[in-house]
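A.B. asks:
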Amino acid sequence: MSQDGSTQQRVRRGRRRFLLVVVATMVASLVLGAALAASGVVAVDSDFWDGGPPGWAQVLGAVFTVGGLVFAVGGFWWLVRSGYYRRNARSVLWAQSWSRRRQLVRQVRGDAPYLDEDLRLLRRVAAQMVDQPGFLLPMAALSLVQVGQAFFQWAPAFVIIAAVITGGFAVAAVAVVRDARRARAFLAAEPADDAVPQL
13 MSQDGSTQQR VRRGRRRFLL VVVATMVASL VLGAALAASG VVAVDSDFWD GGPPGWAQVL
73 GAVFTVGGLV FAVGGFWWLV RSGYYRRNAR SVLWAQSWSR RRQLVRQVRG DAPYLDEDLR
133 LLRRVAAQMV DQPGFLLPMA ALSLVQVGQA FFQWAPAFVI IAAVITGGFA VAAVAVVRDA
193 RRARAFLAAE PADDAVPQL
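Residue numbers 13 to 211, in this note's numbering, belong to the letters of the sequence shown in order.
1) Hey, how far is the Cα of V120 from the Cα of L32?
2) Hey, quick one: how far does the alpha helix (DSSP H) through P168 stretch, first residue to last?
3) Among residues of its own chain, excluding the 5 on either side of A207, which ones have a beta-carbon nearer than 8 Å to its beta-carbon?
4) Compare the Cα-Cα distances from W106 to each of A187, A192, F30, A201 and report the closest residue.
5) Let me confirm a value: L156 is counted as buried when at least 16 other C-beta atoms fall within 10 Å, else exposed. Which label applies?
6) Check whether the stretch 142-156 touches the stretch 74-92, counting contact only when three or more Cβ pairs, one atom from each stretch, lie closer than 8 Å.
7) Let's test the definition: count the other Cβ atoms within 10 Å of the Cβ of V117 and tell me whether it reaches 16, buried, or not, exposed.
8) According to the neighbour-count rule (16 or more other Cβ atoms, all chains shown, within 10 Å of its Cβ), is G73 buried or exposed?
9) First and last residue of the alpha helix (DSSP H) that includes Q119?
10) Could you check how far apart the C-beta atoms of G160 and F88 are, in whole angstroms? I think they sit under 8 Å.
11) Determine the contact status of A192 and M141, defining contact as a CB-CB distance below 8 Å.
12) In angstroms, rounded to a whole number, what distance separates the CA positions of G95 and A138?
13) Alpha carbon to alpha carbon, what distance is there between R27 and W110?
14) Mark L134 as exposed unless 16 or more other C-beta atoms lie within 10 angstroms of its C-beta, in which case mark it buried.
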């Protein structure tokens with residue numbers, strides 16, 4: 013098998029591994045929720061899960077939920093049309109281990125030296141980090157859906173879930189934007205060598 017073919021095989025294997033982790037996490041969450049509900053630890057028919065929303069909250073919740081779903085679909089469509097999905101799916105970074113990717117990201121950020129590192133690979137990492145803010149749009153839309161559910165359900169459980177998801181998104185958004193700025197600075201400091209093929 014050629015080197016390119018071997019690299020593509022590792023890329024596909026890395027994507028499958030990531031998808032498996034995501035699916036396993038979702039299934040584990042569903043199983044845990046079902047087990048808690050069945051055991052009676054979480055009473056799904058209590059006021060903690062079932063509130064009595066006023067009319068304006070139901071309307072606002074429905075608007076946020078539908079609007080968030082529309083923006084989420086539009087955001088994912090834009091990611092595909094803009095080429096983000098294709099660039100990400102073909103990235104050689106999928107062939108790297110989790111620890112190796114973390115190490116590369118730290119080097120692009122400037123948190124670790126890269127004296128003996130392949131600059132072509134680091135530039136590819138930086139380019140993907142510059143791309144990442146585009147993924148915030150559909151994620152923000154999904155957070156808006158959860159906020160809409162909090163209004164629509166008017167129950168403490170959904171308020172807590174919405175607060176956790178929105179807070180997590182806010183922290184991730186700040187980190188992604190900051191990393192994108194540092195990645196642009198890296199690309200400016202390490203211009204591409206046209207004589208060397210880029211990854």
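Yeah, the Cβ is synthetic: ideal placement off N, Cα and C, and Gly gets one too.
C.D. replies: Short version:
1) Taking the straight line joining both Cα atoms gives about 27 Å.
2) 168-201 is the extent of the alpha helix (DSSP H) around P168.
3) Note on A207: pLDDT 39, under 50, position unreliable in the model; no value is reported.
4) With distances taken between CA atoms, W106 lies nearest to F30 out of A187, A192, F30, A201.
5) Buried is the label assigned to L156, since at least 16 other Cβ atoms lie within 10 Å of its Cβ.
6) Three or more beta-carbon pairs separated by less than 8 Å link the stretch 142-156 to the stretch 74-92, which places the two stretches in contact.
7) So V117 ends up on the buried side.
8) Classification for G73: buried.
9) If you look at Q119, you'll find it in the alpha helix (DSSP H) that goes 110-121.
10) Not a contact, Cβ separation roughly 18 Å.
11) The Cβ atoms of A192 and M141 lie closer than 8 Å to each other.
12) Take the alpha-carbon of G95 and the one of A138: they are about 17 Å apart.
13) The straight-line gap from Cα to Cα measures roughly 12 Å.
14) Here L134 is buried, its C-beta having at least 16 other C-beta atoms within 10 Å.
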